[in-house]
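A.B. asks: What follows is a structure written as structure tokens; I'll ask about it next.
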Ligand SMILES: Cc1cc2nc3c(=O)[nH]c(=O)nc-3n(C[C@H](O)[C@H](O)[C@H](O)COP(=O)(O)OP(=O)(O)OC[C@H]3O[C@@H](n4cnc5c(N)ncnc54)[C@H](O)[C@@H]3O)c2cc1C
Ligand SMILES: Cc1cc2nc3c(=O)[nH]c(=O)nc-3n(C[C@H](O)[C@H](O)[C@H](O)COP(=O)(O)OP(=O)(O)OC[C@H]3O[C@@H](n4cnc5c(N)ncnc54)[C@H](O)[C@@H]3O)c2cc1C
Ligand SMILES: Cc1cc2nc3c(=O)[nH]c(=O)nc-3n(C[C@H](O)[C@H](O)[C@H](O)COP(=O)(O)O)c2cc1C
Ligand SMILES: Cc1cc2nc3c(=O)[nH]c(=O)nc-3n(C[C@H](O)[C@H](O)[C@H](O)COP(=O)(O)O)c2cc1C
Ligand code: FES
Ligand code: FES
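Residue numbers (the numbering used here), protein chains in the order written: chain A, 1 to 307; chain B, 1 to 307; chain C, 1 to 260; chain D, 1 to 260.
Quick look at the structure:
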């Protein structure tokens, strides 16, 4: 089990001690060209989570590679670089550059659906293009705003991804209580935090069932119990996002809470909880080996009937 | 402004006094054939909402028309029938039958994405097929689990829908705290309640901007303030779902809270708040006329960049 | 529903909250709410939880409603922590309780399933009562049903019931308890009246969450039950092992610990 | 960040919570937390809200940290309601405060913008102070800055400042207040040191939510500020009308009422 930060939720240069408490540091998404990001107001709080419309503000790949990466390499933990873009070529070009950087342990592709018509098609295209340019570990980060995230995960897997990061934010909105106009400058923004947790848990569970890829689970994790649940649903790593804003000490606290959970469950290692949601009650958590969740290639869509 | 119940969240036959407190009663989704629904456990509570996997349990269209509809016609409020199915023909056949029933004021098409590959294409297909069979008012109820709900709304509008119901549940999951296995019998289920509110508000806002159709807003509404926010985002009606489970008196309470909000805002009618989120600060809520939100046919997809 | 009391939703004041063994007896001022019939239930809203929780009426002293609560999760723990003077939203009475029209009733309960039985016993004066518990501590709750015969595991409550059925053939068990117990009682006596449980979001027929199979068809337990005649219930559609079966209750934690 | 105090995250005990006019002075036991420099801020977690709220340090009496809070929304109201003995999670000191290295400082504040000024005045003994408020009641908070010249609307604090600048040209304003006030002060004196505001989720550079344009580039106010030199700030990227401009503050409610 590895503990990461969620992309865009920590800057290791302004808070190196927080990054050092993780197993992996993930950068904010880097795009080929610099981006100022969206106009303020960029963040808002709702009763069930927070909204952001940062707009992928970043200094661009060149400055990232020249200025930021050398400083990040001094961190005591491996660095994953999150890559974004507006076409498969964008991703491919960034991967080609990063492939040459020894400091980069892995690349996370922020597949934020440039092609809304067919999310799995664009995931396939982006991962395949990136795969051609790099031998580094490639994680595909997926959006939960699709009818069936498992089909997107399967496409990413078939295109050559080495892992999945699940999930990105959902579109949400809040209104100013006095003017009744949108709080965020952009109208709507990305919803993160508690509201995302059941959605993210379902996404992790569905993708663990549909693919063999290792999964970084995230979405509203703020305790050892939540971390345990993502592991049980099939994630082997968990990333902290919104919780870091209110609690920069969260990595240490969550590790402590996780060992308490493991003790409570009688587990030698919390890793034994990975995939527990897929095991039959009788075999639950017995033995140290990690049971792989069953794969079903021909998943039935009738599972889509909810209410 | 009309107050409705959300489909599947009220049975007017077991609770006629709750239904009578609404402006419209909406039935649970009726399918052509009877459905037993999913195996228990069918409901679970999470920290941010509830999960259900009822599985469209219903007695089927024939029994609905013969037994239920005559009893519903005794209600003091108009009845909308929610229709579900597994193909466009299913919807069309049900609409043909219901078109002949005088008791039916409108039909809500529960477009729960039988075709996950292209949500707007299946919305178009279903609405168009239904439209051919009935002259009754047709509301298309859409899922928020799509990359861009406005494109689905536009498709429904172009296929002949008279209105939109926004939104249905999102896929979510919770685990039993002791066994770490899914709480619901089906694994995952539909997430409703508070977690859905910012998502639903963004969906209403986006669809109000993209189409001219009247909108029934729903998702986590549990107070007059929430109702007001959905109106401001562009809904002209609001439906109550999960809140009815904990508070069958919610319709009356929310009406009282809404008049207090209107007084507080200095509005002659709460209808003057409809679309307030689209108005320029200077003109906010002045005058009694309902300002239509601006329509943009060529909406830019770059709005999809969140973080 | 015509013959039954119209359910009311009221904010009722907590007047007492005392431990009874491992359970808690929560008493609220009754206000205008009718206690209904034994076996009927109320939905109790709990602090900071989205959904209310179904609770059988346990006792109906003048001006009060009493609920016996097993703190097994966040909702029931919240109710057990309710302080005197606090207000709790109560909705009921709901569902169909025990029909009392039999000559020789016997009251049978297991664990927290004894909750509806003290109120039932009031309406069935003289009926013998049999209670089974998993431990001595849990058995303390039997004080609420004076005169009951109490057994503790490994003895199961079905043992004294079997003897009674053997000696007096025409008795009708009125039972509430974990699903395996209800099944066993139903097998011993198909005309037994059994109070079942299912997860409930609303308690008044709105959500279709509480479906159980009766006479082969799924029905809403909150509408048709919770009390049903034994022979009519097809328990196979309840969650594997039932909600309160020993296997369902055996937690990951306790099993993990035993293994460690 | 090398020269500054390393921020700490601690649960600090509330030792006092007193009204000061319409504001509240929240005092917590300092524990191991350093008060930092005037103009630096702390993130205060609030009951039941997801995100902490940025608050300037107002007073730093021995062993305590004091915050002056305007209850304008759920977060600030929660802080104003904190009871003595309650623990509050405090993270700081954060950001860059006022550099004090000028010959003739003048302290200028508007409304709740006076929050960081008492602590600043301690470090700038003898500096004249000018405070502006929208009402007499709000002006009661000026008691925390004894000796300050206080004006109430319609008089704006820029009026006495303009006079002072006319008579003593080499003064440097140290200002905190609503955005239009800061703009006006910056226009009067481009070398003014201004404490800006932006919505902040984290306060330590993690979220990029607090972006403002400085020298034409978007920077994080929590990292580069909140105190910035007037001439460097391009206010155009702040939300239309600013966070605390009179037009921004004019609520739907008050406008609606006026029209009614
Ligand atoms: C008609 C009816 C009457 C009831 N009367 C009483 C009563 O008088 N006193 C009383 O204490 N309880 C009663 N119950 C059960 C009670 O409603 C549940 O225990 C409660 O809803 C659980 O809520 P929770 O938040 O505490 O636990 P949850 O978090 O909902 O559940 C905690 C754990 O217990 C399991 N669980 C959930 N529901 C049940 C259940 N019904 N039985 C067993 N395990 C469950 C869950 O799977 C979970 O592992 C009644 C139930 C019904 C349907
Ligand atoms: C560096 C810094 C230091 C600060 N120091 C102090 C201080 O010492 N004392 C103090 O009372 N406040 C201070 N603030 C402002 C304070 O952080 C906000 O008022 C608070 O976060 C609002 O939270 P809320 O939940 O109460 O209101 P919200 O619900 O967040 O906002 C309520 C209403 O006020 C508006 N609003 C939101 N943020 C602000 C803001 N910053 N200014 C004006 N209106 C706003 C919103 O648009 C909304 O209409 C400081 C802000 C910053 C960035
Ligand atoms: C302020 C903010 C900025 C974010 N920026 C990015 C980003 O640059 N790239 C990315 O892939 N995800 C970004 N995300 C999404 C997070 O990485 C994460 O997927 C999401 O917030 C869910 O996790 P959480 O609920 O724990 O925050 C951002 C989230 C937030 C709140
Ligand atoms: C128990 C339950 C059953 C539902 N059944 C249906 C249904 O049959 N048809 C339908 O269109 N939506 C159904 N829904 C979705 C609701 O109509 C509504 O869209 C959703 O719950 C969001 O509103 P809420 O957050 O106020 O509950 C159901 C929701 C719940 C909670
Ligand atoms: S509990 Fe909702 S229908 Fe029975
Ligand atoms: S408040 Fe988060 S970066 Fe400044």
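Quick reminder that beta carbons are idealized off the backbone N, C-alpha and C, glycines included.
From the DSSP secondary-structure annotation, give me the bridge partner or partners of residue 139(A).
C.D. replies: Residue 139(A) sits at position 139 when you count from the first residue of the first chain. Partner(s): 108(A) and 163(A).
A.B. asks: I want to verify the contact list: residues of chain A whose CB lies under 8 Å from the CB of residue 209(D), in sequence order.
C.D. replies: Within the fourth chain, the letter at position 209 stands for residue 209(D). What residue 209(D) touches in chain A: 42, 43, 52 and 54.
A.B. asks: So the candidates are 50(A), 150(A) and 187(A); which of them puts its Cα closest to the Cα of residue 120(A)?
C.D. replies: As a working note, residue 120(A) is residue 120 in the first chain. Minimum Cα distance to residue 120(A) is reached at 150(A).
A.B. asks: By the three-class DSSP mapping on this structure, what secondary structure does residue 199(B) have?
C.D. replies: Walking along the second chain from the start, residue 199(B) turns up at place 199. In this structure, residue 199(B) counts as helix in the three-state DSSP scheme.
A.B. asks: So is the beta-carbon of residue 45(D) under 6 Å away from any non-hydrogen atom of ligand 6?
C.D. replies: Within the fourth chain, residue 45(D) is the residue found at index 45, counting from 1. Not so, every heavy atom of ligand 6 lies at least 6 Å from the Cβ.
A.B. asks: Does residue 317(A) get closer than 7 Å to chain B when you measure Cβ to Cβ?
C.D. replies: No information on residue 317(A) is available, as it lies outside the stretch 1 to 307 that chain A covers here.
A.B. asks: Let me check you understand the geometry: is the CB of residue 218(B) closer than 6 Å to at least one non-hydrogen atom of ligand 4?
C.D. replies: By 1-based counting over the second chain, the position of residue 218(B) is 218. The answer is yes for residue 218(B).
A.B. asks: Our contact map puts residue 133(A) next to residue 99(A) with C-beta atoms below 8 Å; I'd like the distance itself, whole angstroms only.
C.D. replies: Looking up residue 133(A) in the first chain gives position 133. Looking up residue 99(A) in the first chain gives position 99. Confirmed, Cβ separation roughly 6 Å.
A.B. asks: Does the count of Cβ pairs from the stretch 230-244 of chain A and the stretch 196-208 of chain A closer than 8 Å reach three?
C.D. replies: Counting Cβ pairs under 8 Å, three or more are found: they touch.
A.B. asks: Taking 6 Å as the cut-off, is the beta-carbon of residue 203(D) closer than that to any non-hydrogen atom of ligand 6?
C.D. replies: For this step, residue 203(D) is matched to residue 203 along the fourth chain. Under cutoff, so the answer is yes.
A.B. asks: If contact means a Cβ-Cβ distance below 9 Å, which residues of the stretch 5-28 of chain B contact chain C?
C.D. replies: From the stretch 5-28 of chain B, only 5, 8, 9, 10, 11, 13, 14, 15, 17, 18 and 28 have a Cβ closer than 9 Å to chain C.
A.B. asks: I'd like to confirm the pairing. Which residues does DSSP put opposite residue 175(C) in its beta bridges?
C.D. replies: Position 175 of the third chain holds residue 175(C). 108(C) and 194(C).
A.B. asks: So is residue 283(A) in contact with chain D if we call contact Cβ pairs under 7 Å?
C.D. replies: For the purposes of this step, residue 283(A) is taken as the residue at position 283 of the first chain. Note that residue 283(A) has pLDDT 38, beneath the 50 cutoff, so the model's placement of it is unreliable and no number is given.
A.B. asks: Where do the N-terminal and C-terminal ends of the beta strand (DSSP E) with residue 246(A) fall, by residue?
C.D. replies: Taking the first chain and counting its residues from 1, one reaches residue 246(A) at position 246. Run containing residue 246(A): none in the beta strand (DSSP E); it sits in the alpha helix (DSSP H), 243-246.
A.B. asks: Give the C-beta separation of residue 203(C) and residue 35(C) to the nearest angstrom, bearing in mind that I take them to be a contact with Cβ-Cβ under 8 Å.
C.D. replies: Residue numbering aside, residue 203(C) sits at position 203 when the third chain is read from its first letter. Residue numbering aside, residue 35(C) sits at position 35 when the third chain is read from its first letter. Not confirmed; about 16 Å, so no contact.
A.B. asks: Would you report the Cα separation of residue 111(B) and residue 58(B), rounded to the nearest angstrom?
C.D. replies: Sequence index remark: in the second chain, residue 111(B) carries index 111 (1-based). Sequence index remark: in the second chain, residue 58(B) carries index 58 (1-based). So the alpha carbons of these two residues sit roughly 17 Å apart.
A.B. asks: On a CA-only basis, which of 13(C), 190(C) and 107(C) is nearest residue 82(C)? Give me that one, please.
C.D. replies: Residue 82(C) sits at position 82 when you count from the first residue of the third chain. The candidate whose alpha carbon is nearest that of residue 82(C) is 13(C).
A.B. asks: Relative to the alpha-carbon of residue 102(B), which residue among 78(B), 165(B), 261(B) and 1(B) has its alpha-carbon at the smallest distance?
C.D. replies: Indexing the second chain from 1 puts residue 102(B) at position 102. When only C-alpha atoms are compared, the closest one is 78(B).
A.B. asks: For residue 165(B), go through chain A and note every residue whose CB falls closer than 9 Å to its CB, in chain order.
C.D. replies: Walking along the second chain from the start, residue 165(B) turns up at place 165. Going along chain A, no residue has its Cβ under 9 Å from residue 165(B), so there is no contact; the nearest lies around 13 Å.
A.B. asks: In the structure shown, what three-state DSSP assignment does residue 192(B) receive?
C.D. replies: Taking the second chain and counting its residues from 1, the one referred to as residue 192(B) is at position 192. The answer is strand: DSSP assigns residue 192(B) an E or B state.
A.B. asks: Exposed or buried, which one is residue 193(C) when buried takes at least 16 other CB atoms within 10 Å?
C.D. replies: By one-based count along the third chain, residue 193(C) stands at place 193. Buried, because 16 or more other Cβ atoms sit within 10 Å of the Cβ of residue 193(C).
A.B. asks: Can you give me, in chain order, the residues of the stretch 214-231 of chain C that have a beta carbon less than 9 Å from any beta carbon in chain G?
C.D. replies: Looking at the structure shown, chain G is missing, and the protein chains on hand are A, B, C and D.
A.B. asks: Using C-beta distances below 6 Å, list every residue in its chain close to residue 176(C), excluding the 5 sequence neighbours before and after it, in chain order.
C.D. replies: Position 176 of the third chain, counted from the start, is the residue given in the question as residue 176(C). The residues are 109, 113, 116 and 195.
A.B. asks: Of all the CB atoms in chain D, is at least one closer than 7 Å to the CB of residue 245(A)?
C.D. replies: As a position in the first chain, residue 245(A) is number 245, starting the count at 1. It does: the Cβ of residue 245(A) has a partner Cβ on chain D nearer than 7 Å.
A.B. asks: Within 7 Å (strictly less), CB to CB, does residue 205(C) reach chain B?
C.D. replies: As a position in the third chain, residue 205(C) is number 205, starting the count at 1. Interface residue, yes.
A.B. asks: For ligand 5, I want to know if residue 57(B) counts as a neighbour, meaning its beta carbon is within less than 6 Å of at least one of the ligand's heavy atoms.
C.D. replies: One-based indexing of the second chain puts residue 57(B) at position 57. No, Cβ of residue 57(B) sits at least 6 Å from all heavy atoms of ligand 5.
A.B. asks: For residue 279(A), which of helix, strand or coil comes out of DSSP?
C.D. replies: One-based indexing of the first chain puts residue 279(A) at position 279. In the structure shown, residue 279(A) sits in coil (DSSP, three-state: anything other than H, G, I, E or B).
A.B. asks: By a C-beta neighbour count over all protein chains shown, 10 Å radius and 16 as the cutoff for buried, is residue 244(D) buried or exposed?
C.D. replies: As a first step, residue 244(D) must be located in the fourth chain, where it is residue number 244. Low per-residue confidence applies at residue 244(D): pLDDT is 32, beneath 50, and the placement is therefore not dependable, though the value from the model is reported in the following sentence. Burial call: buried.
A.B. asks: May I ask you to check if the CB of residue 54(B) is nearer than 6 Å to at least one heavy atom of ligand 4?
C.D. replies: Counted from its first residue, the second chain places residue 54(B) at position 54. Yes - ligand 4 has a heavy atom lying nearer than 6 Å to the Cβ of residue 54(B).
A.B. asks: Quick check: the Cα distance between residue 12(A) and residue 173(A), rounded to an integer number of angstroms?
C.D. replies: Translated into the one-based positions of the first chain, residue 12(A) becomes position 12. Translated into the one-based positions of the first chain, residue 173(A) becomes position 173. Roughly 29 Å between the two C-alpha positions.
A.B. asks: With a cut-off of 8 Å on the beta carbons, I'd call residue 212(C) and residue 96(C) a contact; round off their distance for me.
C.D. replies: Position 212 of the third chain holds residue 212(C). Position 96 of the third chain holds residue 96(C). In fact, because the Cβ distance is near 13 Å, the residues do not count as touching under 8 Å.
A.B. asks: Taking 7 Å as the CB-CB limit, is residue 218(B) close to chain A?
C.D. replies: Your numbering for residue 218(B) matches position 218 in the second chain. No, residue 218(B) does not count as interfacial toward chain A.
A.B. asks: Within 7 Å of any Cβ in chain B, is that where the Cβ of residue 256(A) sits?
C.D. replies: As a position in the first chain, residue 256(A) is number 256, starting the count at 1. Judged by the 7 Å Cβ criterion, residue 256(A) is not in contact with chain B.
A.B. asks: So within the stretch 101-168 of chain D, which uninterrupted beta strand (DSSP E) runs reach at least 3 residues, ignoring any that extend past its ends?
C.D. replies: For the stretch 101-168 of chain D, whole beta strand (DSSP E) runs of length 3 or above, ordered along the chain, are 105-110, 129-133 and 149-152.
A.B. asks: Spell out the partners DSSP gives residue 59(D) in its beta bridges.
C.D. replies: As a position in the fourth chain, residue 59(D) is number 59, starting the count at 1. Bridge partners of residue 59(D): 66(D).
A.B. asks: Would you be able to state if there are at least three C-beta pairs under 8 Å between the stretch 246-259 of chain B and the stretch 221-230 of chain B?
C.D. replies: Segments in contact, yes.
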